[in-house]
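Take a look at the structure set out below.
In this note's numbering, the protein residues as written are 141 to 239.
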């Protein structure tokens, strides 16, 4: 019996086979893991570029450090306010999400 004959016989039966939820969950998990790692690998070149820019900018920032100190305090405060805003928004989204 050829594979085509087997497939024709299977399709001629008319009733689909039982669904295996465990198998479907395992396959979905593998697909999700693969997508996650592929997205992480896609970000890798950008991380390397950011690291290189940081390495090249470090000597310039050391020279300009004393002049940038007041600005750094303001950036830190703005970053803190932004982080607090994001945390609050996240908590509100979780609180008001329909269950």
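Note that beta-carbon positions come from the ideal geometry of N, C-alpha and C, so glycine has one too.
Computed from a predicted model, the values in this text were never measured in an experiment.
Problem set entry | residue 159: first and last residue of the uninterrupted alpha helix (DSSP H) it sits in | Premise fails: residue 159 is in no alpha helix (DSSP H) and is neither H nor E.
Problem set entry | Per-residue DSSP class, three states only, for residue 216 | helix
Problem set entry | Assigned secondary structure, residue 143 (DSSP; H/G/I helix, E/B strand, else coil) | DSSP places residue 143 in helix when its eight states are reduced to three.
For this session: Report the three-state DSSP secondary structure of residue 153 (helix, strand or coil).
Result: coil
Exercise. What residues in its chain sit with their C-beta under 6 Å from that of residue 219, if we drop five residues either side in the sequence?
Worked result: none
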